[in-house]
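Participant: Here it is, the structure, as structure tokens.
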Amino acid sequence: MLFLCLSCCGGGDGGLASDGFVPKKARDLKIGHPKIPLAALKPGSSGELAKFGDIRPEFVSFSCVACHVNATVDMRLPKTRNSDASKGPAYYLGGEAGTTFTSNSKAFEQPAPAVVEAGLESDFKQGEAIFEGNFVSDKGVPFGGLGPTYMKTSCIACHPGYGRARRTDNFDLEYGNGYIATVHRPDGSVVEGYTEMLQTKSVKPYLPYAKGVKITWHKFVDKYGNRYPDGSLYNSGRAGEGELVYPSAEIIEPLLPLPKDYKVSIESTIGIYGTGLLDAIPDEAILAEYRRQHALAGPVKGIHGNWIYDHKSKRKRLGKFTWHCSRATLDDGPGSNGIYNTTNVARADRSELYGTRQWLEKHESLGIDVSEFKRAQAPEFSMEDFEKFMVWHRGLAVPAARNLDRPEVLAGRETFYKIGCASCHKPEWTTGEYAPFKPYSGQIIRPYTDLLMHDMGEENRGRFRTYRTPPLWGRGLMRKTAGHSDMFHDLRARNFEEAILWHFGEAEFARELFRNLTQRERGELIDFLKSL
Amino acid sequence: MKRKSAYKEICKLTFAAAAIGAFSAPAVEAVEIKDVLDSYVEATVLPTYSQMSDSAIEFNKAVAKLKESASDENLAKAAAAWSKVRTSWERSEAFLFGPAVFASLDPNLDSWPLDQSQLDGLIKAINEGRVAIDAGYVRGGLGAAFRGFHAAEYLLFREGKVRKAAEMSKGELEYLAALAQVLTEDCVALESWWKGADKLSEGKSKILEEAEIETGGSYASEMKNAGKVGSRYGSQKEALSEIFDGCIDIADELAESKLGTPAKTQNPLECESRHSGTSLIDAVDNLISIRNSYEGANSEGASLSALVAEKSKEADGRVRASIDGAIKSVESLKAPMFKNLKENEEGFKVAIAACEKLSEALGKAKELVCE
Chain A
817 MLFLCLSCCG
827 GGDGGLASDG
837 FVPKKARDLK
847 IGHPKIPLAA
857 LKPGSSGELA
867 KFGDIRPEFV
877 SFSCVACHVN
887 ATVDMRLPKT
897 RNSDASKGPA
907 YYLGGEAGTT
917 FTSNSKAFEQ
927 PAPAVVEAGL
937 ESDFKQGEAI
947 FEGNFVSDKG
957 VPFGGLGPTY
967 MKTSCIACHP
977 GYGRARRTDN
987 FDLEYGNGYI
997 ATVHRPDGSV
1007 VEGYTEMLQT
1017 KSVKPYLPYA
1027 KGVKITWHKF
1037 VDKYGNRYPD
1047 GSLYNSGRAG
1057 EGELVYPSAE
1067 IIEPLLPLPK
1077 DYKVSIESTI
1087 GIYGTGLLDA
1097 IPDEAILAEY
1107 RRQHALAGPV
1117 KGIHGNWIYD
1127 HKSKRKRLGK
1137 FTWHCSRATL
1147 DDGPGSNGIY
1157 NTTNVARADR
1167 SELYGTRQWL
1177 EKHESLGIDV
1187 SEFKRAQAPE
1197 FSMEDFEKFM
1207 VWHRGLAVPA
1217 ARNLDRPEVL
1227 AGRETFYKIG
1237 CASCHKPEWT
1247 TGEYAPFKPY
1257 SGQIIRPYTD
1267 LLMHDMGEEN
1277 RGRFRTYRTP
1287 PLWGRGLMRK
1297 TAGHSDMFHD
1307 LRARNFEEAI
1317 LWHFGEAEFA
1327 RELFRNLTQR
1337 ERGELIDFLK
1347 SL
Chain B
95 MKRKSAYKEI
105 CKLTFAAAAI
115 GAFSAPAVEA
125 VEIKDVLDSY
135 VEATVLPTYS
145 QMSDSAIEFN
155 KAVAKLKESA
165 SDENLAKAAA
175 AWSKVRTSWE
185 RSEAFLFGPA
195 VFASLDPNLD
205 SWPLDQSQLD
215 GLIKAINEGR
225 VAIDAGYVRG
235 GLGAAFRGFH
245 AAEYLLFREG
255 KVRKAAEMSK
265 GELEYLAALA
275 QVLTEDCVAL
285 ESWWKGADKL
295 SEGKSKILEE
305 AEIETGGSYA
315 SEMKNAGKVG
325 SRYGSQKEAL
335 SEIFDGCIDI
345 ADELAESKLG
355 TPAKTQNPLE
365 CESRHSGTSL
375 IDAVDNLISI
385 RNSYEGANSE
395 GASLSALVAE
405 KSKEADGRVR
415 ASIDGAIKSV
425 ESLKAPMFKN
435 LKENEEGFKV
445 AIAACEKLSE
455 ALGKAKELVC
465 E
């Protein structure tokens, strides 16, 4: 088994000594395991019976990562150049069928080559027009049927440049605020009477669930005073030097009663491109990755999504979309659902009001007639248009990688593996048989996600403290496509450096290793991320 | 037309130079990508946006006058001023990238369709004194469906004609004045994002300052300095690809949506700019936007066209002929579009095919110079 600690050859004489200890399990297996200093143990941990989670992240070394994180990670690197000097498979992040070589501001808007090949360009463009269109409250008109409550009138409002919106302190901002808000209890369950996506807009005379959401930003200082070991501040030389910030949210004028222990959390949108290819990854492959992580003694232990009944295939599928793996397939995914519940525009497969019994009762108590919303809603958005929307959604290509010939990028790629990033940001997958769009079958894609959720520490607690590993493909183009590079679950990170520095919980060891790299190595790692 | 003549003059000179070259050593200078980018930014994009914000300022003045004295004459003047701003906007639609997108100016200026029932509700609320409307209210409190060109259009026009002043309520006049002010701010902001706030005229700077709108950097500089530190364009070819993609996108949008959807559905409600009846004028202006981007306005030979011609005269000729063909086919349609959907049934097919052909020709030309 490769994951045994072959690289740690320091040997150990066993037992608990004043200068350190060798874990009992390693001793029993007669593995040459180096001594772990006692100072590495978290308070309350029991010496030689300690598990990996009892070790302070700052004591995790490259050799620990090699055995306990990377041992079963596929470390093979795809070729950057073919034998004829053309761009090699490393560039094709979306596989042959799904990679576009457009790298300008429209990089996230392109049809996959397979869409063009299949003659679906016209449907794709018409679907795109729906994504960009503005829904209105009028009935029986193009884009009609908005409301009675809603969050946004268009998809593009939250996905400028087809990516994700930027951080903001103005939740009310129509374009460019990519947050959704959820009013929940401490365990993350939605407060009774509220919709999962808090709707703060309404068509008169109806009332929204709340008048708005107030966002406040707070400063965060880590135990190192936001400095690297070499003394330099995080984000050195940039705006916000030495400063990490995170948001909190409050509800403004809620319509319905709230329990004492309620909380409001905000989460950012995720990109759209490439989701069709992610949809083509078989559930079994995700489970295999889940098992791989759990077979190791190390800190990385993803959680897979729930099994969700899929009406199309009539079987249960594994949740893999959204920050919490709450959606299993693209047809029932965040996009197909989002165009319904963000706008409250009904269609044949979403004929119920996106609303709650309590909302209806509140209106009745105020003498506002809501009887029409108690029954199935007549379709306001045709299935024909929805199918085109889905051709577009499924067909959005992934931008090719860039600059992979540059030495600094290649060095950064090595560091990416060395400090354990690839364990959660799983580089490569092979798609399975994909019935919704056959050309996406059997593609080798490189999204850099394991499609599993990970504990990101109390520092990242929102509605939950676990989040699905977000894909990294295309991230280096965000500034071009949407004019910013804000990322993380609530956009607390303004750039790659801050994003890495917000890795706590299971990933804190990687944060520590990153902090201890030289400035040059850190820069190279970021150059690699920018090349994706 | 003046721009077109200038181009022809350049061509003549080029041919003359080539003819002389036939008898002496060849001395045809290669077209530099840097010059093409400079020319695109300085002679096409910036003048279009500058003209647009100039016209918006005039529109705002015309609306203020209308609000002061609601006569048919003042209403006609305001409507004409709106059309002028609209022309510049439609002639900018081949460069809907950069600030128009990331500063959300495209949706704020040009959201469509309008939410007519909510808009009527708002006007009623203003008339009943329940809403005190001003620019700040529009800017901060109203969504894109209640602002921009089409909200103003709805107040100024109906059924393809300028309304009568007597039809306009006090609330509508107040709303229009607030809209015109915000539209002006948005147009000036777009110019500022491109040009750089420090290069705006004093008057325009004051407009942004009063609205507390800040813009950052200069997108013009980033495009011109493509491939250098500080530019988001990693290479000059990438910036060129942006220009091509901007052109291709609007050609596709004409084929699929602006002409395509009304042609397919035969539904007048699908016609953008229906209230002013200017859907076809918009379409021609979009194609002119492509021509200005590709052939260059006052480009003195440093145009995409010249760059493509260096690689393949045939490919360049195909793009230019496709632009002309598309413009002619749209000009042949009977206006206003919303009233002539049936009559235009055959014409639509020709125009849509012409836009598709143009998109394809641009795609091939792009491959020649960007890969």
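Same order as they appear, the protein sequences are chains A and B.
Residue 1057 in my numbering is what sits at position 241 of the first sequence, and the numbering runs on without skipping anything.
Residue 139 in my numbering is what sits at position 45 of the second sequence, and the numbering runs on without skipping anything.
We treat Cβ as the ideally placed atom computed from N, Cα and C, and that holds for glycine.
These numbers were taken from a predicted model, which means no experiment stands behind them.
State buried or exposed for residue 320(B), treating a residue as buried only when at least 16 other CB atoms are found within 10 Å of its CB.
Facilitator: Looking at its Cβ environment, which holds 16 or more other Cβ atoms inside 10 Å, residue 320(B) is buried.
Participant: Of all Cβ atoms in chain A, is any one closer than 8 Å to the Cβ of residue 230(B)?
Facilitator: So, not an interface residue.
Participant: Would residue 1281(A) pass as a contact of residue 1266(A) if the rule is Cβ separation under 8 Å?
Facilitator: No, they are not a contact pair.
Participant: Beta strand (DSSP E) containing residue 1124(A): first to last residue?
Facilitator: Run containing residue 1124(A): 1123–1126, per the beta strand (DSSP E) assignment.
Participant: Any beta carbon of chain B sitting closer than 8 Å to that of residue 976(A)?
Facilitator: It does; some Cβ of chain B falls within 8 Å.
Participant: Beta-carbon separation of residue 943(A) and residue 1208(A) under 8 Å?
Facilitator: Against a cut-off of 8 Å, the Cβ pair of residue 1208(A) and residue 943(A) comes out as a contact.
Participant: Closer than 7 Å, Cβ to any Cβ of chain A: which residues of the region 209–220 of chain B, in chain order?
Facilitator: Residues 209, 210, 211, 212, 215.
Participant: From the beta carbon of residue 362(B), is the nearest beta carbon of chain A less than 8 Å away?
Facilitator: No, because no Cβ of chain A sits closer than 8 Å to the Cβ of residue 362(B).
Participant: Would the region 262–277 of chain B and the region 131–149 of chain B be scored as touching if the rule is three or more Cβ pairs under 8 Å?
Facilitator: The region 262–277 of chain B is not in contact with the region 131–149 of chain B.
Participant: Helix, strand or coil for residue 233(B) per DSSP?
Facilitator: Three-state DSSP puts residue 233(B) in a helix.
Participant: What does residue 995(A) touch in chain B if you count any residue whose Cβ is under 7 Å from its own?
Facilitator: By Cβ distance, chain B contributes nothing, its closest Cβ being about 15 Å from residue 995(A), past 7 Å.
Participant: Quick one, which of 155(B), 162(B), 145(B), 170(B) has its alpha-carbon nearest residue 180(B)'s?
Facilitator: Ranking 155(B), 162(B), 145(B), 170(B) by Cα distance to residue 180(B) puts 145(B) first.
Participant: Does any C-beta atom of chain B lie closer than 8 Å to the C-beta of residue 902(A)?
Facilitator: Chain B, which has no Cβ nearer than 8 Å to the Cβ of residue 902(A), makes this no.
Participant: Grab me the residues of residue 1301(A)'s own chain with a C-beta within less than 7 Å of its C-beta, minus the 5 sequence neighbours each way, in chain order.
Facilitator: Contacts found: 1294, 1295, 1310, 1311.
Participant: Taking all protein chains shown into account, decide if residue 1182(A) is buried (16 or more other Cβ within 10 angstroms of its Cβ) or exposed.
Facilitator: That one is exposed.
Participant: Could you give the first and the last residue of the continuous beta strand (DSSP E) run that contains residue 896(A)?
Facilitator: Counting along the chain, residue 896(A) falls outside any beta strand (DSSP E), and DSSP gives it neither H nor E.
Participant: Residues of chain A with a CB under 7 Å from the CB of residue 206(B): which are they?
Facilitator: Result: 950.
Participant: Here's the rule I'm using: 16 or more other beta-carbon atoms within 10 Å means buried, otherwise exposed. How should residue 849(A) be labelled?
Facilitator: Residue 849(A) should be labelled buried.
Participant: From residue 412(B) to residue 381(B), what does the alpha carbon distance come to, in whole angstroms?
Facilitator: Rounded to whole angstroms, residue 412(B) to residue 381(B) spans 15 Å at the Cα level.
Participant: Could one say the Cβ of residue 957(A) lies closer than 8 Å to chain B's Cβ atoms, at least one of them?
Facilitator: Chain B, which has a Cβ nearer than 8 Å to the Cβ of residue 957(A), makes this yes.
Participant: Counting contacts by CB-CB distance shorter than 8 Å, is residue 449(B) in contact with chain A?
Facilitator: With 8 Å as the cut-off, residue 449(B) does not count as an interface residue toward chain A.
Participant: Closer than 6 Å by C-beta to residue 1167(A): which residues in its own chain qualify, once you throw out the five before and the five after it? Chain order, please.
Facilitator: Within the same chain, residue 1167(A) has close Cβ partners 1192, 1193.
Participant: So, helix, strand or coil for residue 916(A), using DSSP?
Facilitator: Residue 916(A) falls in the strand class under three-state DSSP.
Participant: Is the Cβ of residue 350(B) closer than 8 Å to any Cβ of chain A?
Facilitator: Taking Cβ atoms only, chain A reaches closer than 8 Å to residue 350(B), which makes this a yes.
Participant: Starting from residue 454(B), find everything on chain A with Cβ-Cβ shorter than 9 Å and list it in chain order.
Facilitator: Ordered by position in chain A, no residue passes the 9 Å Cβ test against residue 454(B), which lies about 11 Å from the chain.
Participant: Check whether the Cβ atoms of residue 948(A) and residue 1328(A) lie closer than 8 Å to each other.
Facilitator: Result no, Cβ atoms of residue 948(A) and residue 1328(A) do not sit closer than 8 Å.
Participant: Could you tell me whether the region 1038–1045 of chain A touches the region 1058–1067 of chain A, where touching means 3 or more Cβ pairs closer than 8 Å?
Facilitator: Taking 8 Å as the limit for Cβ pairs, the verdict is that the region 1058–1067 of chain A does touch the region 1038–1045 of chain A.
Participant: May I have the straight-line CA-CA distance separating residue 150(B) from residue 175(B), to the nearest angstrom?
Facilitator: Their Cα atoms are separated by approximately 8 Å.
Participant: Which residues in chain A have a C-beta closer than 7 Å to the C-beta of residue 196(B)? List them in chain order.
Facilitator: Those are 976, 977, 1298, 1299, listed as they occur along chain A.
Participant: Mapping DSSP to helix, strand and coil, what is residue 118(B)?
Facilitator: Since pLDDT at residue 118(B) reaches only 46, below the 50 mark, its modelled position is unreliable, and the value read off the structure follows with that caveat. Residue 118(B) falls in the coil class under three-state DSSP.
Participant: Taking the C-alpha atoms as reference points, what is the distance between residue 1214(A) and residue 964(A)?
Facilitator: Cα to Cα, the separation comes out at about 36 Å.
Participant: Taking 8 Å as the CB-CB limit, is residue 328(B) close to chain A?
Facilitator: Interface residue, yes.
Participant: For a contact meaning CB atoms closer than 8 Å, what does residue 945(A) contact in chain B?
Facilitator: Within 8 Å Cβ-Cβ: 347, 350, 351, 355.
Participant: Under 8 Å between C-beta atoms, does residue 192(B) make it to chain A?
Facilitator: Answer yes: the Cβ-Cβ gap between residue 192(B) and chain A drops below 8 Å somewhere.
Participant: Which parts of the region 1119–1198 of chain A are runs of the beta strand (DSSP E), unbroken and 3 residues or longer, counting only runs that do not cross its ends?
Facilitator: Entirely contained in the region 1119–1198 of chain A, the beta strand (DSSP E) runs reaching 3 residues are, in chain order, 1123–1126, 1131–1134.
Participant: Identify whether residue 372(B) lies in helix, strand or coil by the three-state DSSP scheme.
Facilitator: In the structure shown, residue 372(B) sits in coil (DSSP, three-state: anything other than H, G, I, E or B).
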